[in-house]
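Student:
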């Protein structure tokens, strides 16, 4: 566009609704002592609002007295022996929820009866536990546990 074309174009500025959102002090009947309405700010109340109607002050004191400290919030406080035993038992229970569901003994390297040579002719997955090989287990090996079955002996469960 040339300057001659711009001369007849309407001038754009802030939207009319933007200027009407906030009234200036000279346009209101309230004199708060500031020149700009946005300079006033907000001062919160010094007490929580609405608690008196819901909970009497005596009840609030009683509720605060009943609160127990969160043990996880203790920082740099060593656990005593009883807490350590409870913690270990809770971790083990979380890892192995029920004794019947997953065995507590981990299986090592599993080898098929035919040592992995040839085709599988059985529909079942059958393998022998040869123990941990190499000192570390992969994620797949760590997921396999031995379940004691009363009528068959040890059974490996994935």
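Residue numbers (UniProt numbering): 1 to 158. Yeah, the Cβ is synthetic: ideal placement off N, Cα and C, and Gly gets one too. Computed from a predicted structure; not experimentally measured.
1) How many Å lie between residue 105 and residue 111 at the Cα?
2) State the start and end residues of the unbroken alpha helix (DSSP H) segment that holds residue 139.
3) Roughly how many angstroms lie between the CA atoms of residue 74 and residue 67, to the nearest whole one?
4) Answer yes or no: do residue 116 and residue 131 have a C-beta to C-beta separation smaller than 8 angstroms?
5) If residue 38 and residue 22 are in contact, beta carbons under 8 angstroms, what's the gap, nearest whole angstrom?
6) Quick check on residue 129: does DSSP put it in helix, strand or coil?
7) By how many angstroms is the C-alpha of residue 72 removed from the C-alpha of residue 91?
8) Any idea what DSSP makes of residue 105, helix, strand or coil?
9) Suppose the cutoff is 8 angstroms on Cβ atoms and the five residues either side in sequence are ignored; what does the same chain contact list for residue 127 look like?
Tutor: Answer, in terms of the structure:
1) 17 angstroms
2) 139-142
3) 15 angstroms
4) no
5) 7 angstroms
6) strand
7) 15 angstroms
8) strand
9) 110, 111, 112, 113 and 156
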